[in-house]
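Numbering (the working numbering), first residue to last: 2 to 602.
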């Protein structure tokens, strides 16, 4: 027996006055009374019952002594260490379902081995958590037979793993003195450190055991992918200690390649086919999942753009014409035929106020209100034009001073400036007031604004290209390409090619995954393959350099020796205060009954 409050043992000193009071209490004096003489003949019989009489006479003392001892021990807060019987409590299984668990192991995989281990640990009420990059609670406090049925239908996913957060999530499923098993290959993990999570759980008397199902394995895998309309770039890494030779294929194209040990290389395929395609590497290794990458390349939509300008040539003209999916037509005022515009986008740039027909703005306004897109570029004399309310800004004059143009928000149009938000220097610009959404500015003066008008949009581009260095930067044609795509609501290729582990919203409700069909408002992309929803096909791939490193392993024994699995089980502290106080209460009740029988109360 041990004590939480050893100083409480000083309360034993209270026994001294208790015993002294008992010893010095007045004793009855013997006196011969004639009327009692008749009892003398029974003296022999009285002596025979003396022991029982003394015991009954001192019973009150012993009851009070026991009660006092119980109170003293309770003050010291005693406890004992007892073995914990695991079979009668709750069990939580955290099963690593990451991509590395699909690694070949013997006649099966690491995951099949993990499932077998999980089945051997089922006892009491069982909860089951699947550790993908997001922990998923599959079962909560059910019978082992139910858990076995679920385990039989599980398969590893194509994501990274997050064991630490899964362990912390288990706190809500179990109480104190419960057991938790984390079954994994421990090749890598995101989120909370697993040893920190284990300390937190152990502090709450939740026994946590790591079960390692890893094995020696080598791998060659596709770890990165860059998709564009003109080319596909794949990065392949060799995790083995020997040079690897193999073929890499995209459709009908193939290349014989070599990668040195413990290194990676990139391979480019030009003019990839539209639609769904696959890049594969012909290797026989430990993990098949990263030997193939899926690609979704939607058909290029041809965008009809009308450039109305009086300039013979310009950087804008070159930027628009450089895109293979832009069909550019140029009209020069006064011959604009604004009443006959069937284009997707109209751009007004460097127009001569003496040649432009003012009534054309009426036709342009009708064009926008009916769903067209209009871009008006800044020029020093733009204030002379009556744009019929088309401009998203109000012009207050011309500023003849230098300035730096910076993005105000990260927008699909300006996302290329995310890392360096200030992207252009100018020597002159229009002083305008904001009446719409500002995308870029100099101080508080908008230089790029956009607004909705009817069913269409109007964008003000206030950078004078001839007075700015922006036109000579590599981002200039990219900016105009992004702008055209945004106005035409063309999704980014990144929206069609995603890494697993993301949650994507679904407006249509019905999702066709690589293995099944669901009806949900969002979908967790946890499989490698093609997802179909909202009238588009999305390719998903693992593409994780750490998850493909199936030979990497956390040394659990070295990093956390004090948490090694012990076959003898775990022990728990049992506080005795409650039991002692209950015993004291019982003694007091017995004392009251005794006093009642004796006639003292």
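We put the CB at the ideal spot given by N, CA and C, even for glycine. Quantities reported herein were computed from a predicted structural model and do not represent experimental measurements.
Backbone secondary structure at residue i - three-state DSSP
| i | result |
| --- | --- |
| residue 111 | helix |
| residue 557 | helix |
| residue 87 | Below a pLDDT of 50, predicted positions are generally treated as unreliable, and residue 87, at 49, falls in that range; no measurement from the model is reported. |
| residue 116 | helix |
| residue 494 | helix |
| residue 252 | coil |
| residue 122 | coil |
| residue 235 | strand |
| residue 240 | coil |
| residue 461 | strand |
| residue 398 | strand |
| residue 180 | strand |
| residue 514 | coil |
| residue 385 | helix |
| residue 150 | helix |
| residue 527 | coil |
| residue 310 | strand |
| residue 432 | strand |
| residue 359 | coil |
| residue 135 | coil |
| residue 469 | strand |
| residue 15 | helix |
Residues of its chain near residue i, where Cβ-Cβ distance is below 6 Å and the 5 sequence neighbours each way are ignored
| i | result |
| --- | --- |
| residue 221 | 239, 245, 284, 286 |
| residue 42 | Low confidence applies to residue 42: its pLDDT is 49, below 50, so where it sits in the model is not reliable enough to give any reading. |
| residue 358 | 335 |
| residue 100 | 159, 290, 543, 548 |
| residue 362 | 388, 389 |
| residue 267 | 234, 236 |
Neighbourhood of residue i by C-beta, 8 Å cutoff - its chain only, sequence neighbours within 5 removed
| i | result |
| --- | --- |
| residue 553 | 188, 189, 547 |
| residue 455 | 369, 370, 371, 372 |
| residue 523 | 504, 505, 506, 507 |
| residue 489 | 302, 304, 345, 346, 374 |
Where residue i falls, given that 16 or more other Cβ within 10 Å makes a residue buried
| i | result |
| --- | --- |
| residue 532 | buried |
| residue 528 | buried |
| residue 133 | buried |
| residue 310 | buried |
| residue 256 | exposed |
| residue 180 | buried |
| residue 540 | buried |
| residue 63 | exposed |
| residue 1 | Past the boundaries of the shown model lies residue 1; the chain is included only from 2 to 602, so the question cannot be answered. |
| residue 19 | exposed |
| residue 111 | buried |
| residue 567 | Here residue 567 scores only 44 on pLDDT, less than 50, and its place in the model is too uncertain to base an answer on. |
| residue 511 | exposed |
| residue 355 | exposed |
| residue 262 | exposed |
| residue 411 | exposed |
| residue 168 | buried |
| residue 14 | exposed |
| residue 276 | exposed |
| residue 49 | Reliability fails at residue 49, whose pLDDT of 48 lies under 50, so the model's placement of it is uncertain and no value is given. |
| residue 97 | buried |
| residue 3 | exposed |
| residue 241 | buried |
Spatial neighbours of residue i in its chain, beta-carbon cut-off 7 Å, leaving aside the 5 residues before and after
| i | result |
| --- | --- |
| residue 468 | 427, 428, 429 |
| residue 589 | 68 |
| residue 11 | none |
| residue 198 | 165, 168, 169 |
| residue 470 | 425, 426 |
CB-CB length for residue i against residue j, believed under 8 Å
| i | j | result |
| --- | --- | --- |
| residue 465 | residue 390 | Residue 465 to residue 390, Cβ: 23 Å. No contact. |
| residue 322 | residue 375 | The Cβ separation is near 19 Å, so there is no contact. |
| residue 125 | residue 92 | 5 Å |
| residue 308 | residue 318 | 6 Å |
| residue 485 | residue 369 | Their Cβ separation, rounded to whole angstroms, is 16 Å, which puts residue 485 and residue 369 out of contact at 8 Å. |
| residue 170 | residue 136 | 5 Å |
| residue 434 | residue 408 | With 8 Å as the limit, residue 434 and residue 408 do not qualify as a contact, their Cβ atoms being about 19 Å apart. |
| residue 296 | residue 233 | 6 Å |
| residue 130 | residue 138 | 6 Å |
| residue 581 | residue 71 | 5 Å |
| residue 210 | residue 182 | 5 Å |
| residue 347 | residue 298 | Contact doesn't hold; Cβ gap of about 29 Å is too wide. |
| residue 491 | residue 302 | 6 Å |
| residue 252 | residue 278 | 5 Å |
Every unbroken beta strand (DSSP E) within the stretch 246 to 305, with a cutoff of 3 residues, ordered by chain | The qualifying runs are 254 to 260, 264 to 271, 276 to 282, 293 to 298.
What are the start and end residues of each continuous alpha helix (DSSP H) run of 4 or more residues lying completely inside the stretch 162 to 226, in chain order?
-> Correct list: 164 to 170, 195 to 204.
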